[in-house]
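Visitor: Protein chains in written order, with the numbering used here: chain A, 18 to 395; chain B, 18 to 395.
2 protein chains.
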Amino acid sequence: MTSMLDRQTSTEQALSQRVFNFSPGPAVLPVPVLQEIQRDLLALPGAGSSVLEISHRSESFDAILAEAEANLRELLDVPEGYRVLFLQGGALLQFSMIPINLLGGQGLPASYIVTGTWGRKAAVEARREGRVHVAWDDADGNYVRVPNAGELDLPEASSYVHYTSNETIQGVQFRRPPEAGGSPLVCDVSSDFLSGPVDVSKFGLLYACAQKNAGPAGLTVVIVSDWLLERSGSDLHSMLSFRLQAEKGSRLNTPNVFGVYVFLLVTRWLRDEIGGLAAAAARAEAKTGLIYEVLDADGGEFYVPHAEPASRSHMNVTFRLRRTELEPAFVAAAADRGLVALKGHRSVGGFRASLYNAMPMEGAERLRDFMLEFRATH
Amino acid sequence: MTSMLDRQTSTEQALSQRVFNFSPGPAVLPVPVLQEIQRDLLALPGAGSSVLEISHRSESFDAILAEAEANLRELLDVPEGYRVLFLQGGALLQFSMIPINLLGGQGLPASYIVTGTWGRKAAVEARREGRVHVAWDDADGNYVRVPNAGELDLPEASSYVHYTSNETIQGVQFRRPPEAGGSPLVCDVSSDFLSGPVDVSKFGLLYACAQKNAGPAGLTVVIVSDWLLERSGSDLHSMLSFRLQAEKGSRLNTPNVFGVYVFLLVTRWLRDEIGGLAAAAARAEAKTGLIYEVLDADGGEFYVPHAEPASRSHMNVTFRLRRTELEPAFVAAAADRGLVALKGHRSVGGFRASLYNAMPMEGAERLRDFMLEFRATH
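(1) Can you confirm whether histidine 73 (chain B), when its beta carbon is compared against all beta carbons of chain A, has any partner nearer than 8 Å?
(2) Strictly below 8 Å CB to CB, what residues from chain B border alanine 234 (chain A)?
(3) Could you tell me which chain A residues have their CB closer than 7 Å to the CB of glycine 106 (chain B), listed as they occur along the chain?
(4) Got a sec: is the Cβ-Cβ distance from asparagine 38 (chain A) to anything in chain B below 8 Å?
(5) Is aspartate 289 (chain B) helix, strand or coil by DSSP?
(6) Using the C-alpha atoms, what's the distance from arginine 354 (chain B) back to serine 33 (chain B)?
(7) Exposed or buried, which one is threonine 394 (chain A) when buried takes at least 16 other CB atoms within 10 Å?
(8) May I ask you to list, following chain order, the residues of the segment 124-147 of chain A that have a beta carbon less than 7 Å from some beta carbon of chain B?
(9) Write down every uninterrupted run of the beta strand (DSSP E) in the segment 161-196 of chain A whose length is 3 residues or greater and which is fully enclosed by it, in chain order.
(10) Give the secondary structure of serine 128 (chain B) by DSSP, where H, G and I count as helix, E and B as strand, and everything else as coil.
(11) Among A:Thr341, A:Leu343, A:Gly107 and A:Gly147, which one has its Cα closest to the Cα of glycine 121 (chain A)?
(12) Can you tell me whether serine 330 (chain A) sits near the ligand COA, meaning its C-beta is under 7 Å from at least one heavy atom of the ligand?
(13) Does any residue of chain A bring its CB to less than 8 Å from the CB of isoleucine 115 (chain B)?
(14) Do valine 161 (chain A) and alanine 325 (chain A) count as a contact pair if the criterion is CB distance below 8 Å?
(15) Measuring only the C-alpha atoms, how far is methionine 256 (chain A) from leucine 223 (chain B)?
(16) By the criterion of Cβ-Cβ separation under 9 Å, what are the contact partners of valine 178 (chain B) in chain A?
(17) Please identify the residue among B:Ala44, B:Tyr99 and B:Asp79 whose C-alpha is closest to the C-alpha of phenylalanine 259 (chain B).
(18) Please state if the CB of proline 47 (chain A) and the CB of alanine 375 (chain A) are separated by a distance shorter than 8 Å.
(19) Counting along the chain, where does the beta strand (DSSP E) carrying threonine 237 (chain A) start and finish?
(20) Whose C-alpha, out of A:Val163, A:Met114, A:Asn165 and A:Asn159, is nearest the C-alpha of valine 141 (chain A)?
(21) Please report the distance separating the alpha-carbon of lysine 138 (chain B) from that of aspartate 155 (chain B).
(22) How many Å lie between threonine 19 (chain B) and glycine 136 (chain B) at the Cα?
(23) At a CB-CB cut-off below 9 Å, which residues of chain A make contact with aspartate 12 (chain B)?
(24) May I ask you to report which of helix, strand or coil DSSP gives lysine 138 (chain A)?
(25) Can you check whether the CB of leucine 245 (chain B) is closer than 8 Å to the CB of glycine 221 (chain B)?
(26) Determine the direct distance from the alpha carbon of asparagine 183 (chain A) to that of arginine 192 (chain A), and round the result to whole angstroms.
(27) Put tyrosine 438 (chain B) into one of helix, strand or coil per three-state DSSP.
(28) Any beta-carbon of chain A closer than 8 Å to the one on alanine 31 (chain B)?
(29) Excluding the five sequence neighbours on either side, which residues of its own chain have a C-beta within less than 8 Å of the C-beta of proline 49 (chain A), listed in chain order?
(30) Run through chain B and tell me which residues come within less than 7 Å of glutamine 228 (chain A), C-beta to C-beta.
(31) Would you list the residues sitting across from lysine 304 (chain A) in a DSSP beta bridge?
(32) Check the DSSP bridge columns for histidine 150 (chain A) and list the partner residues they point to.
(33) Distance check for threonine 335 (chain A) and glutamate 421 (chain A), CA to CA, integer angstroms please.
(34) How is leucine 102 (chain A) classed by DSSP in three states: helix, strand or coil?
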């Protein structure tokens, strides 16, 4: 047992050790959420056990699951006729589950709009299940933007139209959903989930891994319309069937109990501390705006932004240095100032500053100040 | 911020609130493990972030993953030529991944030995991929025992022979692996994983969900031989391919970082506090022995054990009351004494006391005392 004084010291030390973590995911979580997890870790109030020890059939978890879903429905204004599923396996398993459940039996190709790495990977998995039509792919353009309405090459009908609302690696984001020409719209919202309002009624299915804005790694949230769920075959592998997962209310087997609990705490924080998704969107725009301002003011002389202005992400800001040989020094100097995980994905290089909901404004300000300072001194 | 005094009180209160949790899973975890998670929740030493926020590509997680695997290899004495995978989706996803990877292309059926609910479910999923031969199924006998060597109806060769080392719901456990007649042995060790030594070299593949003896829900551990891995097709859905998961060292996509971290702490505790798996086995036998003694001394007059003595589980003790109408009173009176989650699975009824590694001897003693008292007063 540690003494009172030790504990006092250790909490203060822990908070003082915390850096500004710009990791693209797993990513920064709200400090009040971490503190609540910490406070109740030995015994969840009323449960007599840690949240890590409670049965997924317990009353405690019934309440957690119900509130997690209710909060999500409130935040995103999810209409009637949509189911919320808490699954495992990340977006990559969804890349497979979506065509496994929705592509076969339609006699129609699935159309994929590819604006970066994740959309491309999604299409690779879909091809294992049937015909895939690529409606747009900016590989030649190095994935710096989303398509305009007129650029999409969509067939008359698709079993569904898939796109990625925010490409984490390239830092390219749709401002509004593309027109799917009447086919069901399916969207990977992993890296901008809960960062702003979404008109869910426009979608057949939305999915997100939690480890960006919504919780820890190991939890995947799927919002699926009843009418699309009808397509899910009854002879699929149980764990891969949307229909079975929905019928069993996300408890076909033991879900990631802790992940759902953290998700619940994050949604409470979003509602009560941030003020909902419109406020979150304004905050995200303000934070990334600080960094984009530096990039724009520079005019490409020192910093080179990756994404075109109209397609810039409000979650992941991607840029390089004109003098790429200075990039290691940038990373090292940033880390000295407690600004970490800024290195870009190896496929793009340079830097990526991920400014999810839980990144405080101060983190964005510190990064801006550092970028100005680094330019001035180099 | 809470004051020092509040924190002191809250830790003592939390510990005093803790009940003896006999849940079959998610299940009790070692208190020192929970305390370490709690202590470091705001900032993992050296990381500057919570373990819930660190990248799965960070040096911190490199170290966690490496030590988790090393500890498992040490505890189970895993030989060369086996890979350890940290996956998601629970045993139910393994019920599918195993036939998806290992059943096709062999021209041989997969043989399933069914000693309870989980083995039966595993066979259901395997049938989606190919021929399944049931080598033994005790459904008519109500799953009270494991088969004798002579009872297995095995074909000359099987693509693999699958069994469940411990049936959590029925409380039936194999004392030693069945003879597979030269075919690869595949075992669901979910509910007795890390409860005692296992000769891994006898197996082609072992798998376990973590939420019994090894960690929180949302993590699955697979130990697979290189020679069996060779069968895993190269055109499978990425997330379902053992080969790809092995090639990418469990980081094909973002793994359950927190789950691996807790697994690491549990394996340290098993080694340093329990003294390894032989000691864990002796402890499990001693704890369940206290309960089986009550059942045996009673001679079936008041308490009715489910499993036959030679097949009794050292993890999950299953029994009923002769007068089943008293069962709700038993559950309520036990809960009054802080002995919770004793209700049996709805398919078997009665009671199930799960006494995993983290259940202290005191929990077993309290349950024994309560059972004696309840019999005396009814």
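Ideal Cβ positions, reconstructed from N, Cα and C, are used throughout, including at glycine.
Guide: Reading from the atomic positions:
(1) Taking Cβ atoms only, chain A reaches closer than 8 Å to histidine 73 (chain B), which makes this a yes.
(2) His73, Thr271, Pro272, Asn273, Val274 and Phe275
(3) Gln105, Gly106 and Met256
(4) yes
(5) helix
(6) 13 Å
(7) When all chains shown are included, threonine 394 (chain A) counts as exposed.
(8) Glu142 and Arg145
(9) 177-181
(10) Three-state result, serine 128 (chain B): strand.
(11) A:Gly147
(12) Ligands displayed in this structure: none; no statement on the ligand COA is therefore possible.
(13) Judged by the 8 Å Cβ criterion, isoleucine 115 (chain B) is not in contact with chain A.
(14) Sequence inspection shows glutamate at residue 325 (chain A); the alanine mentioned does not correspond to that position. Contact: yes.
(15) 19 Å
(16) Within 9 Å Cβ-Cβ: nothing; valine 178 (chain B) doesn't reach chain A, min ~21 Å.
(17) B:Tyr99
(18) yes
(19) Element bounds for threonine 237 (chain A): 237-242.
(20) The shortest C-alpha separation from valine 141 (chain A) is found at A:Met114.
(21) 14 Å
(22) Here threonine 19 (chain B) scores only 48 on pLDDT, less than 50, and its place in the model should not be relied on; the value that follows carries that caveat. Going from the Cα of threonine 19 (chain B) to the Cα of glycine 136 (chain B) covers about 49 Å.
(23) Summary: the structure shown does not reach residue 12 (chain B), with chain B confined to residues 18 through 395, and so no result is reported for it.
(24) helix
(25) Closer than 8 Å, so yes.
(26) Distance between the alpha carbons of arginine 192 (chain A) and asparagine 183 (chain A): 9 Å.
(27) Residue 438 (chain B) lies beyond the stretch modelled for chain B, which goes from 18 to 395, so this question has no answer here.
(28) yes
(29) Trp286 and Glu290
(30) Simply Thr271.
(31) Note: lysine 304 (chain A) sits in no beta bridge, so no partner.
(32) A:Ser128
(33) Beyond the ends of chain A as shown, which are 18 and 395, falls residue 421 (chain A); an answer cannot be given.
(34) Three-state result, leucine 102 (chain A): strand.
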